[in-house]
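The block underneath contains the structure these notes are about, expressed in structure tokens.
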Amino acid sequence: MSDLQERIENIEKEFLERISSCENSSDLENIRIHYLSRNGILNSEILKNLSQLSKDDRPVIGGLANKLKKKLELLLKEKKDAFSSEIGSSKVDLDLTLPGRRSFIGKLHPLTLTMNRIKEIFVDMGFSIAEGPDIETEYYNFDSLNFPQNHPAKDMHDTFYLEDGKLLRTHTSPVQIRLMEKKKPPLRYIMPGKVYRCDSDVSHSLMFNQVEGLVIGENVNFSHLKYVLHEFARAIFHKDAEVRFRPSYFPFTEPSAEVDITCVICKGKGCRVCKNTGWIEILGAGMVDPNVFKSVGIDPEKYTGYAFGMGVERIAMLVYSIDDIRLFFENNLEFTKQFS
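Residue numbering for the sequence shown follows my numbering, beginning at 1215 and increasing consecutively.
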């Protein structure tokens, strides 16, 4: 562990030396890529090696790495602002005869519209809504959900660990555990909320929205799950949407399945969006594993249940035919004013 601590200190020193001699925005971007990009030094030399540490050492090094990352990001922002202020300090002639800009009535963001629609569909089917904290413990986020100690989702490259040993939740499943601890079956809830993972590209975001569902009762079976998800797919997409279940694996459900719908673009005929399969994945689901019931004191011999989870951004991209998740977070008025 001491080697990683020393390397973290050296990375900070090297960064400070480079940014102090940085003279323009182009150099500044090169520094950012070198240290903070997905393949940068901080990720490749520190974060990706956390899985090799012991359970006690991992949060310590993870906390130091996160603290350094925030510091470097702040220094980069300050330097960038300094460059911008130098450019903005030059005098600009204003033409006061130009017409003013029109005012527009605000509209709800497409993610808000999609989240509201998902809630509406499930509430109409008899579900209640439950919420929980964004900052969680390993017990609620992993252990109580039957995650093995060596599960890859626990590695730093998937999870944001905090300095006090806690973490930013990677899914809204901890709300299910808190719900089962407080309430007795039968239960029928959805859990909407923000979740956080170390992943960012055209189809993934560091922070995104998720909705999970949980139903527990006597004689609850897989047929009930299939019916609910069929009805949801037809309500959110179109009435002719077909649903396909494929075997999969999740630590907290058994059996587990990935759920696909007929492509919203080609209606199942095959196109570039669905890679000519006619199907697009929308969520994961399965029957609650008996070990999860045991962790919260529910008798698995008496009760059964099912759970499902979906990314709201994923659903919104399919509903509105959006091909880049980053568009949701750029605050571009030309983009957001298209939705109603």
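In this text, a Cβ means the ideal position worked out from N, Cα and C, and glycines have one as well. All figures in this text were calculated on a predicted structure; none of them were measured in a lab.
* Kindly indicate the opening and closing residues of the beta strand (DSSP E) around asparagine 1423. => 1421-1431
* Are the CB atoms of proline 1399 and valine 1425 nearer to each other than 8 Å? -> no
* Asked: How long is the line joining the alpha carbons of proline 1388 and methionine 1421, rounded to whole angstroms?
  -> 17 Å
* What is the rounded straight-line gap between the Cα of isoleucine 1245 and the Cα of lysine 1380? -> 30 Å
* Asked: Rounded C-beta distance between cysteine 1488 and isoleucine 1479? I'm assuming under 8 Å.
  -> 7 Å
* Asked: Whose C-beta lies closer than 6 Å to the C-beta of glutamate 1456 among residues of the same chain, with five residues either side of it excluded?
  -> Thr1476
* Looking at C-alpha atoms only, which residue of Phe1466, Arg1316 and Lys1285 is the closest neighbour of glutamate 1226? -> Lys1285
* **7 Å CB neighbourhood of arginine 1221 in its chain, flanking five on each side removed** => Glu1259 and Ile1260
* At a cut of 8 Å, does the stretch 1344-1355 reach the stretch 1320-1327 through at least three beta carbon pairs? -> no
* **alpha helix (DSSP H) segments (min. 4 residues) lying fully within the stretch 1359-1408** => 1387-1396
* Could you pull out every residue in the same chain whose Cβ sits closer than 6 Å to the Cβ of arginine 1411, ignoring the five residues on either side in sequence? => Asp1372 and Thr1384
* Asked: In this structure, does DSSP put leucine 1497 in helix, strand or coil?
  -> Strand at leucine 1497.
* Per DSSP, what kind of secondary structure is phenylalanine 1507 in: helix, strand or coil? -> helix
* Unbroken alpha helix (DSSP H) runs of length 4 or more, entirely within the stretch 1229-1273: which are they? -> 1239-1250
* Asked: Helix or strand or just coil, what does DSSP make of serine 1317?
  -> In the three-state DSSP reduction, serine 1317 falls in the coil class, being neither helix nor strand.
* Decide if the stretch 1462-1476 is in contact with the stretch 1496-1508; the criterion is three or more beta carbon pairs, one per stretch, under 8 Å apart. => yes
* Pick from Trp1493, His1452, Gly1484 and Gly1482: whose alpha carbon is nearest that of arginine 1460? -> Closest in C-alpha terms to arginine 1460, from the list Trp1493, His1452, Gly1484 and Gly1482, comes Trp1493.
* **Strand pairing of arginine 1457, partner residues [DSSP]** => According to the sequence shown, residue 1457 is valine rather than arginine. For valine 1457, which the question treats as bridged, DSSP gives the partners Ile1475.
* With burial defined as no fewer than 16 other Cβ atoms inside 10 Å of the residue's Cβ, what is the status of leucine 1310: buried or exposed? -> A residue is called buried once 16 or more other Cβ atoms fall within 10 Å of its Cβ, and leucine 1310, having fewer, is exposed.
* Span separating the alpha-carbon of glutamate 1223 from that of alanine 1296 -> Spanning the two alpha carbons is a distance of roughly 26 Å.
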